[in-house]
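Undergrad: In short: position in the sequence shown from 1, add 7, done, that's the numbering used here.
C-beta: ideal position from N, C-alpha, C; glycine also.
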Amino acid sequence: MAIWKCQECGNILENRCKPGKCKVCGAVKDKLIKEEQEKGQKRKDAVKDPGE
Numbered sequence: 008m009a010i011w012k013c014q015e016c017g018n019i020l021e022n023r024c025k026p027g028k029c030k031v032c033g034a035v036k037d038k039l040i041k042e043e044q045e046k047g048q049k050r051k052d053a054v055k056d057p058g059e
């Protein structure tokens, strides 16, 4: 699972692939940046995409 952060609103998303848009503010995928995390580490504040 990858962690994506919205540059517009700061929302954190957890998804395998880059989401099409931010689930909170609707920002386009170009505004989502991948955050680095250690293997096996999960973000507690990440929002999982319900489509997975």
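What residue does the beta strand (DSSP E) around A9 start on, and which one ends it?
TA: Where A9 is concerned, the enclosing beta strand (DSSP E) stretches over A9 to C13.
Undergrad: Along the chain, where does the beta strand (DSSP E) containing N22 start, and where does it finish?
TA: That run of the beta strand (DSSP E) goes I19 to N22.
Undergrad: Under 8 Å, do L20 and K36 count as touching if we go by C-beta distance?
TA: Not a contact, by the Cβ cut-off of 8 Å.
Undergrad: Tell me the rounded alpha-carbon separation between A95 and N18.
TA: Outside the displayed range of the chain (8 to 59) lies residue 95, so it cannot be described from this structure.
Undergrad: According to DSSP, is P41 part of a helix, a strand, or is it coil?
TA: Per the sequence shown, residue 41 should be read as Lys rather than Pro. The answer is strand: DSSP assigns K41 an E or B state.
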